[in-house]
Structure formats: structure tokens, C-alpha cells
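Novice:
Numbering (this note's numbering), first residue to last: 39 to 280.
(1) Within the same chain, show all residues whose beta-carbon is closer than 7 Å to that of residue 138, passing over the 5 residues directly before and after it, in chain order.
(2) So, residue 85 versus residue 215, is the Cβ gap smaller than 9 Å?
(3) Using 10 angstroms around the beta-carbon of residue 241, count the other beta-carbons present and answer buried if the total reaches 16, otherwise exposed.
(4) For the segment 201-209 against the segment 179-192, are there 3 or more C-beta pairs whose distance is under 8 Å?
(5) Quick one: what's residue 73 bridged to in DSSP?
(6) Confirm, please, whether the CB-CB distance from residue 167 to residue 124 is below 9 Å.
(7) Under three-state DSSP, which class holds residue 134?
(8) For residue 60, which option in 43, 48, 182, 239 has the closest C-alpha, if you only look at C-alpha atoms?
(9) Secondary structure at residue 242, three-state DSSP: helix, strand or coil?
(10) Cβ atoms of residue 102 and residue 235: under 9 Å apart, would you say?
(11) Figure out for me which residue from 112, 152, 180, 141 has the closest Cα to the Cα of residue 129.
(12) Residue 211 by DSSP, collapsed to three states: which one?
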């Protein structure tokens, strides 16, 4: 994306992937209808549930397709709360950007982020707090109505931090099957996926399904995939000019 020649397409769904000579053909559907894009290399950076069907069209990646189907996903709900700017004053000296809640506590919201403390450039007239719930074994939370979730998140926040008073505004976002679950055998599954894909020149995978669900881990996964395909392309170019 840093390249001046990069093109970002939104509202476009990838429908298929197939080998075409030394490169790849990607079938997409967007505002212009069906299109076929030819590429020297492809990085599959979609969730496991979507990556599997795409790789199914590539001969020799059966192990990757099977392993991707074994990665379970759980839903998540994000409750964003806006409080008066003074609401978090007692917490500022602590220098924390939020907290995680262990399962033994039995609370619905497992991760709480003080967004305007973590990212000061967001600060304005309000303090923003994001509360995340759901996950494996707690997906029933996604079925509760918005008002109930807002009240629950605000109440748990008050119990843990002492922040009182209702939020000035709120937003509830639900994400179905959004968070990959790293169950027993996950590392072995990832090794199978990568070994299978490694046999395909100009093809790599990356994303939250492999090495971590955090933003930093996803970025590292993407950089690694980019380095892999660039290395293959450079090697191929050098061999072709020799």
C-alpha cells in the first residue's frame, strides 16, 4: 500500500484462485461485475473459513485446505462507550491503557481498552472505552440486545474501575465467527498449511488464523508473507536473466 502504484479495491469479493502459467488468476466480483485479474504472486490474507475454499482450487494444497477447515472461530461483541472527559481522571495517573479479565472472574467483558488513553490523538471532549465480550463458550452474548449489552458493560466497568455514571453515547458492534481459536494442535495445523502452500511459487498466507490475533502479530505475519513471495519472484527473475 506504500507504493504509489498500489491500488486498493473495496466492495470487491474474491471468488476464485487458480494457477495460470507461472502466475495466478484471481476471479473477483465487485461494482463492475465479474473480473479476472492476473498476478505474479498472491497473498491470501482472509480468515481461515474463506482461505480454505480459495486454496481448494489450487492443485497440491489439499493439506492446507484440510487444516484450515480445522481452525474454529468464535464470535465477538464490542461495546464502545463515550464518557465525559473527567470520568477516567482517577485512572490516568496509573498509566494503563486497559485491562484483561480472567475467565475465573465470570465477567462478560473480557478485554477493556481505554481508547483515549491508549491513543491520545483520539482525545477530545469525551473519553472512549471499548469493552469486548463473547469468544468461545460465550457467544450467546451476541444475541442480547444493544441496551442490555451497554448496561452490562457499563456496570462491569464501574465494578472494576470505579467509573460511575452512564455513558453519554454508545455503540454495539457484533462480529460473527471473527476470532480464530488456537486449540490444541494449532501449531501443527499451521505448519501443515505453510508446508502445503510453500510448494506453490508466488503463493503465501497470512492473517490472524496463524501466528496471533493482535494487530502487531497480523502485521508481522503479512510482512513475512510479502518477503516470501518477493524472494521467490526475485529468484525467478534472476534465473530467467542468467
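Cβ coordinates follow ideal geometry from the N, Cα and C atoms, glycine included.
Nothing here was measured: the structure is a model prediction, and the numbers come from that model.
Specialist: With the given structure in hand:
(1) Take residue 138, set aside five residues on each side of it, and the residues of its chain with a beta-carbon closer than 7 Å to its own are 148, 149, in chain order.
(2) Closer than 9 Å, so yes.
(3) Looking at its Cβ environment, which holds 16 or more other Cβ atoms inside 10 Å, residue 241 is buried.
(4) At 8 Å Cβ cutoff, the stretches touch.
(5) 66.
(6) No, the pair does not count as a contact, with Cβ atoms beyond the cut-off.
(7) Residue state, collapsed to three classes: coil.
(8) Minimum Cα distance to residue 60 is reached at 239.
(9) Assignment of residue 242 by DSSP, reduced to helix, strand and coil, places it in the strand class.
(10) The answer is yes: Cβ separation under 9 Å.
(11) Nearest C-alpha to residue 129: 152.
(12) DSSP places residue 211 within a strand segment (E or B) once states are collapsed to three.
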